[in-house]
Each structure stands twice: as C-alpha cells, then as structure tokens.
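Working notes, structure below.
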Amino acid sequence: MTYQIIDIHPHIISDDETRYPPAPLFGKRSEWSKERPTTVETLIAAMNDAGVAKAAVVHSSTTYGFDNSYVVDGCNRYPGRLAAVGSVDVLQPDAPAVIRDWVERGLAGLRLFTGGSTKEFDPSELDDPRSFPAWDLLAQLGIPMCIQTGPVGLPQVTALAKRFPGVNIILDHLGRPDVLDGPPYAKAQSLFDLAPLPNIYLKLTPRIFDDVKKGQASAESFFPRMVQAFGADRLAWGSNFPTSPGTLSEILATAQAGLASLSEDDRAWIFERTAQKLYPALA
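Under UniProt numbering, the first residue of the sequence shown carries the number 1, and numbering increases by one thereafter.
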C-alpha cells in the first residue's frame with residue numbers, strides 16, 4: 001500500500017509587511033513568526049524536500065489576527081496542493097457574512113484560537129451563544145472547525161460537538177493532554193472521553209511526538225491506544241512547521257518513527273485519508 005503525505009498544520013508568513021501588515025490577536029506577536037517566518041514559496045520548497053504532497057495551511061492568528069488575506073492568497077497560488085484554514089471573530093453579529101466572503105475567496109476551513117504561544121487559554125468564547133449562527137453556517141457549508149485549546153476547554157468542545165453534529169471539529173495538538181503517567185494514560189482521560197463523539201477529529205503534531213518520549217509514556221503504547229479509542233480515520237498528522245523547531249523533513253521523520261507501531265492502513269489514514277475527508281479540496 002502506498003499513500004501520499006498530507007500535512008494539516010503548517011503556517012505561512014508573508015515577507016511583505018506593507019501588503020500583509022501584522023496585526024496579532026491579543027496584541028502580541030508570536031516569537032516564532034518573527035524568528036522563523038516562512039512564506040508560501042518557502043513552504044512549497046520544504047514540502048518538495050520532505051516529500052509532502054499537499055497541505056491544509058493554518059492561518060497565523062498571532063501574526064495577522066482575523067485578516068486571512070495571506071493564507072488565502074498564498075494557497076490560491078497552488079490550487080489542489082494547498083488549502084487555506086483561516087480565523088474569523090465568530091462572536092460578531094456579521095460573522096456568517098464574513099465567513100461566506102472568505103469562503104468565496106478560497107477558505108476551506110476555520111480555526112478558533114483561544115490561546116497558546118502568546119496567551120493563556122480562555123475557552124469562554126467557544127460555547128458563547130453569539131457564535132452559534134457561525135456554527136450553523138459551517139454545518140450548511142460543510143466546513144470544518146479547528147479548535148486550539150487545552151484540557152480546560154474540552155467541556156466546551158464536547159458541548160459544541162453535541163450541539164453541532166454536522167460540523168467536523170478538529171482539535172489542534174490533541175488538546176494538549178498530559179500523557180507522562182503512561183498506560184493507561186489516566187491523566188488524559190478527558191481526551192479519551194471525546195471518543196464517542198463522531199465529529200471530533202484530532203491532530204497529531206510535534207508536541208505529542210515529544211511528550212510520548214517523556215515520563216512513563218511511549219509511542220508504542222500511546223498511539224495504538226488513540227487508534228483503539230478514536231479510529232485512525234479521525235486522526236491526522238500536522239507538522240506545526242515552522243512553529244516547531246526543525247526542518248519539515250525532520251518533523252515528518254519524527255512522526256513516521258512515532259507511528260511505526262501502527263498498521264500501514266492506520267498510517268495511510270493518519271498521513272493522507274483523514275486529511276482528504278476533512279478537506280475535500282486536497283483529495
């Protein structure tokens with residue numbers, strides 16, 4: 001069996017700050033976006049070097065706030081190879097209209113950024129009723145929503161998945177579980193509690209591949225547990241390049257080594273098929 005490699009979590013930053021001026025969410029720009037800016041051309045070159053066929057490129061909220069211009073313009077230059085995932089302020093009354101406008105420009109997915117590199121997580125906006133019209137529209141349009149949060153936000157994620165079963169929710173970085181206690185991973189129980197919700201998908205990113213090397217955790221015990229709970233068809237690989245250190249080739253090699261204990265069919269889902277299910281433009 002052969003399969004393509006699809007990355008659902010790289011980022012791009014323009015080198016033209018006049019055309020694409022930084023306006024970071026929460027007012028503080030992320031250090032990585034200043035230290036390791038990666039244009040769409042640089043990403044394509046890195047993908048070529050690493051053997052990554054396609055990517056769903058995630059908008060950098062800590063660089064551009066809610067202005068998705070660069071991720072949309074950049075991905076539109078490589079149709080069929082790149083798909084754009086952007087951010088919209090879903091609490092605003094005009095959010096549905098704004099989403100429609102971005103989708104018409106080429107947006108293939110959305111992302112809620114509730115915290116991370118520049119701010120503590122605040123999950124309060126996730127289940128704010130003001131956001132529900134935007135979620136209703138996503139269900140109509142068949143557009144997935146990525147959510148960046150930690151364990152503190154999983155109750156809200158659960159509520160959203162139940163309220164909007166027609167929206168595929170993709171949890172960035174697995175929701176950052178604590179896995180250092182090792183099997184049966186009791187400290188990550190809130191993550192495994194999401195398994196019965198069929199519209200919740202999970203991104204396997206460098207963070208988890210690092211964490212399974214620490215404490216009592218191991219790749220050989222954790223990833224099969226994830227597949228058993230969720231199914232490989234709800235797991236997808238994301239590089240977090242260039243936010244995570246290393247070349248794209250190195251990041252991919254680490255992921256491939258970490259998933260080596262899985263079957264080839266499971267790896268085909270994680271590296272290709274789940275991404276195509278979530279983002280049909282990459283099929």
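Positions of the beta carbon are idealized from the N, C-alpha and C atoms, including for glycine.
Item, Value
"Identify the residues that DSSP records as bridge partners of residue 58: which are they?", "85"
"Measuring only the C-alpha atoms, how far is residue 262 from residue 15?", "40 Å"
"Buried or exposed for residue 214, please, with buried defined as at least 16 other CB atoms from any protein chain shown within 10 angstroms of its CB.", "exposed"
"If you draw a straight line from the alpha carbon of residue 2 to that of residue 278, how long is it in whole angstroms?", "20 Å"
"Relative to the C-alpha of residue 166, which residue among 185, 88, 145 and 20 is closest?", "145"
"Verify whether the separation of the beta carbon atoms of residue 82 and residue 57 is less than 7 Å.", "yes"
"Helix or strand or just coil, what does DSSP make of residue 223?", "helix"
"Establish whether the CB of residue 85 and some CB of chain C are separated by less than 7 Å.", "Looking at the structure shown, chain C is missing, and only one protein chain is on hand."
"Assign residue 86 to buried or exposed, taking buried as 16 or more other Cβ atoms, counted over all protein chains shown, within 10 Å of its Cβ.", "buried"
"In chain order, what residues of the same chain lie with their CB nearer than 7 Å to the CB of residue 226, ignoring the 5 residues before and after it?", "235"
"Could you tell me how far apart the beta carbons of residue 59 and residue 19 are, in whole angstroms, since I believe they sit closer than 8 Å?", "Contact flag wrong, Cβ pair sits at about 16 Å."
"Can you tell me whether residue 258 is helix, strand or coil according to DSSP?", "helix"
"Give a yes or no on whether the C-beta atoms belonging to residue 6 and residue 275 are separated by under 7 Å.", "yes"
"Taking one C-beta from the segment 139-155 and one from the segment 249-260 each time, how about it: are there three or more such pairs within less than 8 Å?", "no"
"How would you write the range of the beta strand (DSSP E) that residue 3 sits in, first residue to last?", "Residue 3 -> no beta strand (DSSP E), and no H or E assigned at all."
"At the level of alpha carbons, what is the spacing between residue 159 and residue 180?", "27 Å"
"Which value, in whole angstroms, describes the spacing of the CA atoms of residue 143 and residue 124?", "22 Å"
"If contact is defined by three or more beta carbon pairs under 8 Å, each pair taking one atom from either stretch, is the segment 40-52 in contact with the segment 90-104?", "no"
"Do you know how far the Cα of residue 205 is from the Cα of residue 230?", "16 Å"
"With C-beta atoms as the reference, is residue 68 less than 7 Å away from residue 32?", "no"
"For a test of the three-state rule: what should DSSP assign to residue 107, helix, strand or coil?", "strand"
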